[in-house]
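Data first, discussion second: the structure below is written as structure tokens.
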Amino acid sequence: GESVGLHLPTLSVQEGDNSIINCAYSNSASDYFIWYKQESGKGPQFIIDIRSNMDKRQGQRVTVLLNKTVKHLSLQIAATQPGDSAVYFCAEKTGGNEKLTFGTGTRLTIIP
Amino acid sequence: NAGVTQTPKFQVLKTGQSMTLQCAQDMNHEYMSWYRQDPGMGLRLIHYSVGAGITDQGEVPNGYNVSRSTTEDFPLRLLSAAPSQTSVYFCASSSWERMNTEAFFGQGTRLTVV
Numbered sequence: 059g060e061s062v063g064l065h066l067p068t069l070s071v072q073e074g075d076n077s078i079i080n081c082a083y084s085n086s087a088s089d090y091f092i093w094y095k096q097e098s099g100k101g102p103q104f105i106i107d108i109r110s111n112m113d114k115r116q117g118q119r120v121t122v123l124l125n126k127t128v129k130h131l132s133l134q135i136a137a138t139q140p141g142d143s144a145v146y147f148c149a150e151k152t153g154g155n156e157k158l159t160f161g162t163g164t165r166l167t168i169i170p
Numbered sequence: 032n033a034g035v036t037q038t039p040k041f042q043v044l045k046t047g048q049s050m051t052l053q054c055a056q057d058m059n060h061e062y063m064s065w066y067r068q069d070p071g072m073g074l075r076l077i078h079y080s081v082g083a084g085i086t087d088q089g090e091v092p093n094g095y096n097v098s099r100s101t102t103e104d105f106p107l108r109l110l111s112a113a114p115s116q117t118s119v120y121f122c123a124s125s126s127w128e129r130m131n132t133e134a135f136f137g138q139g140t141r142l143t144v145v
């Protein structure tokens, strides 16, 4: 079946640098792509989403890029802070409004 | 605001026991979902509901039952616990307005079946 996956399971970045977390997807019919952040011992938290007819969307210190040609999604975090250390999941919404399909996650570690 | 509240936070069951994981939300959201999270496998959808009285199966529904008698509550029942159901369970809710992309998650229930 269709799945959402990530290129790298772990990523270490120096504090203050920019982070880029990548995600590959295979379902061309997905209409939304979403990024979630999960801190240790907590539930996932919504960061930002992008509709499939968009290429880029910016939020506070975050930018999501969508490349439909190669079915690739990325999350850029500017000027990373210790609080950005977490596992980041990409997810896609398909089948109407009912279901989110999550990838396996990337652990981001910020080095002081 | 409480958001999504899950109880209990931790539970140990013996194989064959049954139990109910509770989930309540106070945001008047239409959508509610249950996921399980296992190491290296992300979150997998167990069951979901698009409104009171309506439920459907997700990716891994076997061994679990749900019901949605009210907008606020969405309990998950384990019928006969098995070690394979050892996992962290998350309940989530979202609104029709946000097209089910911005899901709000509870803190999770860590379940161990021995």
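Protein chains in written order, with this note's numbering: chain W, 59 to 170; chain Y, 32 to 145.
All C-beta atoms, glycine included, are put in the ideal place defined by N, C-alpha and C.
- Not a single C-beta of chain Y is nearer than 8 Å to the C-beta of W:K129.
- Linking Y:D87 to Y:S126 through their CA atoms gives a straight-line distance of about 17 Å.
- Between the beta-carbon of Y:L107 and that of Y:L44 there is about 13 Å, and that puts the pair past the 8 Å contact cut.
- If you look at W:N125, you'll find it in the beta strand (DSSP E) that goes 120-125.
- Annotation for Y:M63: the continuous beta strand (DSSP E) segment containing it runs 62-68.
- DSSP, read as helix, strand or coil, puts W:D89 in coil.
- A buried status is given to W:D142, since no fewer than 16 other beta-carbon atoms sit within 10 Å of its beta-carbon.
- Listed by position along chain Y, the residues whose Cβ is nearer than 9 Å to that of W:D107 are R129, M130, T132, E133.
- Around the CB of W:G161, 16 or more other CB atoms lie within 10 Å, so the residue is classed as buried.
- According to DSSP, Y:T38 shares a beta bridge with Y:Q53.
- Contacts with chain W at 8 Å (Cβ-Cβ) do not include Y:F41.
- One alpha carbon belongs to Y:E103, the other to W:F104, and they sit about 20 Å apart.
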